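Chemist: Submitted below is the structure of interest, expressed as structure tokens.
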Amino acid sequence: MTNKLDVVAISVFVFFFALVTVMGFVAAKWRRPETLAHIDEWGLGGRQFGTWITWFLIGGDFYTAYTVIAVPALVYAVGAYGFFALPYTIIVYPFVFAVMPVLWKVAKKNNYVTAGDVVYGRYGSRTLEAAVAATGVLATMPYIALQLVGMAAVFKALGLTGEVPLVIAFVILATYTYSSGLRAPALIAFVKDIMIYIAVIAAVVVLPMKFGGYGPIFAAAGEELAKKAAASGGKIAAGLTLAPSQVFPYASLAIGSALAAFMYPHTLTGVFASSGAATIRKNAVLLPAYTLLLGLLALLGYMGLAAHLKLSSNNDVVPVLFQTFFPSWFVGFAFAAVAIGALVPAAVMSIGAANLFSRNFWKHYVHPEITPAGEAQVAKIASLAVKAGALLFIIFLPTQFALDLQLLGGLWILQTFPAVVFGLYTGWFRAPALLAGWATGFVMGSAIAISDGIKPLHALSFGDTHVTLYVGIIALAVNVAVAVIVNLVLIAFAPQGRMKAAE
Amino acid sequence: MEKRAFNPLWFLLLLPYIGLLWVPFYNFAQPEFLGFPFFYWYQLAWVPVTSVLTYIVLRSLGDDE
């Protein structure tokens, strides 16, 4: 079934991959600016993407290939708990609706390109700016590496083993991102998202017919999960609903992930690249369409259980389901959708990280008189470096290491939330207070996660009450508490401390 | 930004947080709908509901550019 070369599937796969490669290079001419040698053009596509382009770009960027592989894999492994991605990707949008237009306006007015720019503009602190920018780059690197994991899962299923296909795909990606900037993933996102919609809708319509509807799928999956839970001797809580011990982890992961999601450089890049506040608001209404897709996609995990698939790794559940139930040409199509689904976020992530490097490090510490064209050139080279780093990471280090770092990355990026968001609404906080909060949250959160063996959850005890929560949320609570206390102390000692006026 | 009267429709945006983060509201299997246990269709139903609530607030904002 697997690891045998399937010529039809590979041909379809290569066709679509070639198609988006051409699109990636042509994108440089799409909505052609006077020059691409400006960071606003290369790094933000000229801040002119309307409602539909933004919908495809953020959708293609936020719902990554890794999501397509990993969410069904988690549902396959543990059941209901894996669904936390669903409430997460619902409650993220009212937040986007309320906050991101405000952030966009500040960025547009002052020509900000990154979260680091926003923070420096608000607080005038190079240290806080550097903290936010470094956190962004650090959190993004393993995220790019994970896109490679998603791509590797389909390469493996196609029988393309070894690192060569991965290296080729990434070199192509790096080349057109270098030449076209954000226009490349924006254009490719159209193809990627439509392909993903087709593949997933086909799966959630066709597969239930083979099982006699969703009822039998849930029934069979429930039995399999009960067997897994029993086999683990009660160590794994797996089932169609949450065990009491999973309730707080479920909710805290959902809210923590939702607050972190739009602090990442790649999602912020999508927001800043849009043409206006109204574009972002409309997208907050329209983007949940992807969430519906994600919810249905997650059910593939249960179909995998109902089909009694024999898997060497949970991550194989989606590829093997397609290979088992669909003809070769459609397998090639679906796998191409996943692989292209890795390219779009990987491109935007590397651009977001590169913008941070160029604007918030290079410009200030190496070359303060740099022109916008120079900024774009530095960002282009940085985007190559970021992708090369992610590739080396995946080839030479264990995949688990990337997974662990990605988990810590979510915790880290969440600690930039107060610095980036609070200043949009209040002038009360001062930079040293936010910096102290960020540092405490970052160090304490990492320490807790690492001492637990890099697990996302941590058990807290209040007397006899034990509550298990997402570490990121615990660290954020500490972060905010420290920021408030330090700020009160600062105000007590220097009531007239100069604050930059709100912009 | 200029001051303007607070629009109470903004409170609608809190509903998805309440409905989804208070897990005891939906952590059970019955009643089923189209074969989906309650846990699943309840959460899936919040997708269009949230979208509509957000749309209502969007409509009420008018042109704030």
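Protein sequences appear in the order of chains A and B. Under the numbering used here, residue 540 is the last one in the first sequence; the count climbs by one each step, no gaps. Under the numbering used here, residue 163 is the last one in the second sequence; the count climbs by one each step, no gaps. Ideal Cβ positions, reconstructed from N, Cα and C, are used throughout, including at glycine. Predicted model only: the values in this text are computed from it and were never measured.
1) Name the two residues that bound the continuous beta strand (DSSP E) containing A/LEU197.
2) Residues in the same chain with beta-carbon distance under 7 Å from A/GLY266, minus the five sequence neighbours each way, listed in chain order, please.
3) Could you tell me whether the Cβ atoms of A/VAL191 and A/ALA376 are closer together than 7 Å?
4) For B/TYR124, is the classification buried or exposed, using 16 other Cβ atoms within 10 angstroms of its Cβ as the cut-off for buried?
5) Which one or two residues does DSSP pair with A/ALA496 in a beta bridge?
6) If the cut is a Cβ gap below 9 Å, which residues of chain A does B/LEU107 touch?
7) Label A/PHE86 either buried or exposed according to how many other C-beta atoms from any shown protein chain fall within 10 Å of its C-beta, with 16 as the threshold for buried.
8) Would you kindly work out how many angstroms separate the C-alpha atoms of B/PRO114 and B/ALA143, rounded to a whole number?
9) Below 6 Å CB to CB, which residues in the same chain sit around A/PHE309 once its five sequence neighbours on both sides are set aside?
10) What are the residues that DSSP puts in a beta bridge with A/PHE86?
11) Would the segment 351-363 of chain A count as touching the segment 134-152 of chain A if we require 3 or more Cβ pairs under 8 Å?
12) Can you list the residues of chain A that B/ALA127 reaches, using a CB-CB cut of under 9 Å?
13) Does A/ALA538 have its Cβ less than 7 Å from a Cβ in chain B?
14) For A/ALA496 versus A/THR505, is the C-beta distance shorter than 7 Å?
15) Would you report the Cα separation of A/VAL519 and A/THR477, rounded to the nearest angstrom?
16) Would you identify the three-state DSSP class for A/GLY250, choosing helix, strand or coil?
17) To which residues of the same chain is A/ASN516 closer than 7 Å at the C-beta, ignoring the five residues directly before and after it?
18) Any C-beta of chain A sitting closer than 7 Å to the C-beta of B/SER149?
19) What residues of chain B sit near A/ARG69, judged by a beta carbon separation below 7 Å?
20) Strictly below 9 Å CB to CB, what residues from chain A border B/TYR140?
21) Starting from A/PHE54, follow the alpha helix (DSSP H) in both directions and report where the run begins and ends.
22) Hey, would you say A/ALA206 sits closer than 7 Å to A/THR214, going by beta carbons?
23) So which residues on chain B does A/ILE95 lean against when the C-beta distance must stay under 9 Å?
24) Using the C-alpha atoms, what's the distance from A/ILE485 back to A/ALA74?
25) Taking 7 Å as the CB-CB cut-off, is A/GLY341 touching chain B?
26) Touching or not, the segment 429-437 of chain A and the segment 109-121 of chain A, by the rule of three or more beta carbon pairs under 8 Å?
27) Just mark B/GLN128 as buried or exposed, buried being the case when its beta carbon has 16 or more other beta carbons within 10 Å.
28) Assuming contact is defined by CB atoms lying nearer than 7 Å, are A/LEU330 and A/ALA258 in contact in what I supplied?
29) Mind listing the chain B neighbours of A/THR91? Cutoff is C-beta to C-beta under 7 Å, in chain order.
30) Cutting at 7 Å between CB atoms, please list the residues of its own chain near A/LEU323, excluding the five before and the five after it.
31) Can the beta-carbon of A/PHE50 be found less than 7 Å from the beta-carbon of A/PHE367?
32) Cutting at 8 Å between CB atoms, please list the residues of its own chain near A/VAL228, excluding the five before and the five after it.
33) Sorted by chain position, which residues of the same chain lie with C-beta nearer than 8 Å to A/VAL457's C-beta, five sequence neighbours on each side aside?
34) Which residues in chain A sit within 9 Å of B/PHE137, going by Cβ to Cβ distance?
35) Compare the Cα-Cα distances from A/LEU494 to each of A/PHE285, A/LEU175 and A/VAL415 and report the closest residue.
36) Let me know if A/ALA531 comes out buried or exposed under the rule of 16 or more other beta-carbons within 10 Å of its beta-carbon.
Modeler: Inspection of the coordinates gives the following:
1) First-last for A/LEU197: undefined, no H or E at that position.
2) It is worth fixing the name first, because residue 266 of chain A is Ala in this sequence and not Gly. Contacts found: ILE273, ALA274, ALA275 and GLY276.
3) yes
4) buried
5) The partner list for A/ALA496 (beta bridge, DSSP) reads A/THR505.
6) Neighbours of B/LEU107 on chain A: none; closest Cβ ~12 Å, over 9 Å.
7) buried
8) 11 Å
9) LEU81 and ALA144
10) A/SER311
11) no
12) By Cβ distance, chain A contributes PHE255, GLY259, LEU277 and THR278.
13) Note that A/ALA538 has pLDDT 43, beneath the 50 cutoff, so the model's placement of it is unreliable and no number is given.
14) yes
15) 7 Å
16) coil
17) GLN452, PRO455, GLY474, TRP475, THR477 and GLY478
18) yes
19) For A/ARG69, there are no neighbours in chain B by C-beta distance under 7 Å, as the nearest C-beta there is about 26 Å away.
20) Within 9 Å Cβ-Cβ: nothing; B/TYR140 doesn't reach chain A, min ~10 Å.
21) 44-63
22) Contact flag unset, no.
23) Under the 9 Å cutoff, chain B gives no residues; its nearest Cβ is about 15 Å from A/ILE95.
24) Using only the alpha carbons, I get a separation of about 44 Å.
25) no
26) no
27) exposed
28) In this structure, the beta-carbon distance from A/LEU330 to A/ALA258 does not fall below 7 Å.
29) Those do not exist, as A/THR91 stays about 15 Å from chain B at its closest Cβ, beyond 7 Å.
30) TRP92
31) Against a cut-off of 7 Å, the Cβ pair of A/PHE367 and A/PHE50 comes out as no contact.
32) PHE53, LEU56, VAL57, MET60 and ILE377
33) LEU140, ALA152, VAL155, VAL156, VAL169 and MET300
34) ALA117, PHE120, LEU277, THR278 and LEU279
35) A/PHE285
36) exposed
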